[in-house]
Amino acid sequence: MRHLTLLLALVTLTVQAQQQEKIDLWEGTVMPNTRGIEVVDSIANQRVYKVGRPAIYRVAPTPEKNRGIAVVICPGGGYQRYAWEVAGWDIARWLAEEGITGFILTARLPNSPDAVDPSIISTQDLQRALQVIRSRAEEWGIDPAKIGVEGSSAGGHLAAASGVETALLYPARDAVAEEPFMPNFMILVSPVISMDLQYTHRGSREMICGKNPTIDKVWRHSIDQQVSSKTPPTMLIHADNDPAVAPMNSILMYSALRKHGVPATLHIFPEGGHSISLEAQPAGTELWKNAVERWMDLLYGIKN
């Protein structure tokens, strides 16, 4: 019986893995924030190193499991690359098992030679991704009011940026750009939040703010300083022993959300290191998945 159960699980994953689609974010319209330099997409060793044509990769649940919820997944990588497999595809497959459609985002990176303004280029692509999904929500069996973001490490900063940015960061040139561009909820795992040198991940800060940023630029890209009552409900996951991104990042974000009356949940596990993934975790830390699943149930109703 145990072997049959395992076989059925593998078959289910295989079927779900086939329900994939790549969607070009700027097809049919002018891509903003570009110098016109051609950048060729580069993927190697389960990581994305260059993005010329930003896209989302849809991983859908089976129709009978579909709950009408979608999540744009923002992998980490210090804004210099993306941890494509562990913080992208693994998350999407897990969400599909839970009846949630995952969209893995490959946004343009700030270090792209084509970027005019590196500080907002990734957020522009994420805003566009949220709009594209809403424009095709009916086709994909998604409720346009149940579209969130998930991000790990620097991907957590990107995801969170979409939840605090109340203005569209690019010119509206087509019908897609008229769609709402903010997420309905956020799941932030080991997120970079503050650009303050006391707490930040320095590599991510340099990519977004530059080597010698002004005080205003540091403030502008410190997510906790940009939270407002319009920021969506947020769940924060961190490990106390994170050697790369101090858990104070999540604490600052939680405090800012509470200050503005935004529903927020914070879990700090004693172990887990940086960028907690779905791989084997220290005792107790693996419960982060259960916590996220329960939080989603409370947001949108118990799954079937």
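So the sequence shown is residues 312 to 615, counted in this note's numbering.
Note that the Cβ used here is the ideal one computed from N, Cα and C, for glycine as well.
Legend entry - Backbone secondary structure at residue 464 - three-state DSSP: Here residue 464 sits in coil by DSSP.
Inset, instruction - Under the assumption that residue 563 contacts residue 494 (Cβ atoms under 8 Å), give the Cβ distance between them as a whole number of angstroms. - result: About 20 Å; that fails the 8 Å criterion.
Inset, instruction - Could you tell me whether the Cβ atoms of residue 362 and residue 388 are closer together than 9 Å? - result: Not closer than 9 Å, so no.
Legend entry - C-alpha gap between residue 492 and residue 541, whole angstroms: Each residue's alpha carbon lies about 12 Å from the other.
Inset, instruction - Please name the residue, chosen from 379, 549, 500, 506, that lies closest to residue 409 on a Cα-to-Cα basis. - result: When 379, 549, 500, 506 are compared, the shortest CA-CA separation from residue 409 is found for 379.
Inset, instruction - May I ask you to report which of helix, strand or coil DSSP gives residue 449? - result: Helix, per DSSP.
Legend entry - Inter-residue spacing [alpha-carbon to alpha-carbon] between residue 323 and residue 335: Note that residue 323 has pLDDT 46, beneath the 50 cutoff, so the model's placement of it is unreliable and the number below is only indicative. Taking the straight line from one Cα to the other gives about 27 Å.
Inset, instruction - Within its chain, find whatever has a CB closer than 8 Å to the CB of residue 459; leave out the 5 residues flanking it on each side and keep chain order. - result: Around residue 459: 380, 381, 382, 383, 494, 495, 496, 497, 498, 543.
Inset, instruction - Using DSSP bridges, identify the partner residues of residue 358. - result: BP columns for residue 358 point to 355.
Inset, instruction - Please report how far the alpha carbon of residue 612 lies from the alpha carbon of residue 605, in whole angstroms. - result: Inter-residue distance for residue 612 and residue 605 is about 10 Å (C-alpha atoms, whole angstroms).
Legend entry - Rounded Cβ spacing between residue 503 and residue 515 (contact assumed at less than 8 Å): Confirmed, about 5 Å.
Legend entry - Buried/exposed call for residue 327, threshold 16 Cβ in 10 Å: With a pLDDT of 45 at residue 327, under the threshold of 50, the modelled position of that residue is not reliable, and the figure given next carries that caveat. Buried, because 16 or more other Cβ atoms sit within 10 Å of the Cβ of residue 327.
Legend entry - Of the residues 500, 401, 406, the one placed nearest residue 585, counting alpha carbons only: Taking only the C-alpha atoms, the option nearest residue 585 is 500.
Legend entry - Same chain only: Cβ atoms within 7 Å of residue 601, ignoring 5 sequence neighbours per side: For residue 601, there are no CB contacts under 7 Å within the same chain when 5 residues up- and downstream are skipped.
Legend entry - Alpha carbon of residue 467 to alpha carbon of residue 457, nearest angstrom: Our two residues, residue 467 and residue 457, have alpha carbons roughly 19 Å apart in a direct line.
Inset, instruction - Give the secondary structure of residue 413 by DSSP, where H, G and I count as helix, E and B as strand, and everything else as coil. - result: If DSSP states are grouped into helix, strand and coil, residue 413 belongs with the strands.
Legend entry - Short Cβ contact (9 Å threshold) for residue 406 with residue 436: Going by beta carbons, residue 406 and residue 436 fall outside the 9 Å limit.
Inset, instruction - Go ahead and pull the three-state DSSP assignment for residue 384. - result: If DSSP states are grouped into helix, strand and coil, residue 384 belongs with the strands.
Legend entry - Length of the line joining the Cα atoms of residue 561 and residue 551: Distance between the alpha carbons of residue 561 and residue 551: 10 Å.
Legend entry - Simplified DSSP assignment, three categories, for residue 443: In this structure, DSSP gives residue 443 a helical state, which the three-state scheme calls helix.
Inset, instruction - Below 8 Å on the Cβ atoms is my guess for residue 428 versus residue 346; work out the distance and round it to an integer in Å. - result: Not quite, the Cβ-Cβ distance comes to about 11 Å (not below 8 Å), so this is no contact.
Legend entry - Straight-line Cα distance separating residue 558 from residue 587: The straight-line gap from Cα to Cα measures roughly 12 Å.
Inset, instruction - Report the option in 479, 411, 610 whose CA atom is closest to the CA atom of residue 373. - result: Measuring from the Cα of residue 373, the nearest candidate turns out to be 411.
Legend entry - Start-to-end residues for the alpha helix (DSSP H) that takes in residue 497: According to the DSSP assignment, residue 497 belongs to no alpha helix (DSSP H) but to the beta strand (DSSP E) extending over 497-500.
Inset, instruction - Drop a sphere of 10 angstroms on the beta-carbon of residue 486, count the other beta-carbons inside from all chains shown, and report buried for 16 or more, exposed for fewer. - result: Residue 486 should be labelled exposed.
Legend entry - Cβ shell of residue 319 (< 8 Å), same chain only, five flanking positions each side left out: Because residue 319 carries a pLDDT of 38, less than 50, the predicted location of this residue cannot be relied on, and the following value inherits that uncertainty. If you ignore the 5 residues before and after residue 319, its C-beta comes within less than 8 Å of no other C-beta in its own chain.
Inset, instruction - Between the Cα of residue 547 and those of 477, 607, 476, spot the shortest distance and give me the residue it belongs to. - result: The shortest Cα separation from residue 547 among 477, 607, 476 belongs to 607.
Inset, instruction - Less than 8 Å between the CB atoms is what I'm expecting for residue 438 and residue 463, so what's the real figure, rounded? - result: Not a contact, Cβ separation roughly 19 Å.
Legend entry - Reduced DSSP secondary structure (H/G/I, E/B, other) of residue 438: Correct three-state label for residue 438: helix.
Inset, instruction - Specify, as a first and last residue, the run of the beta strand (DSSP E) that residue 366 falls within. - result: Counting along the chain, the beta strand (DSSP E) containing residue 366 begins and ends at 366-370.
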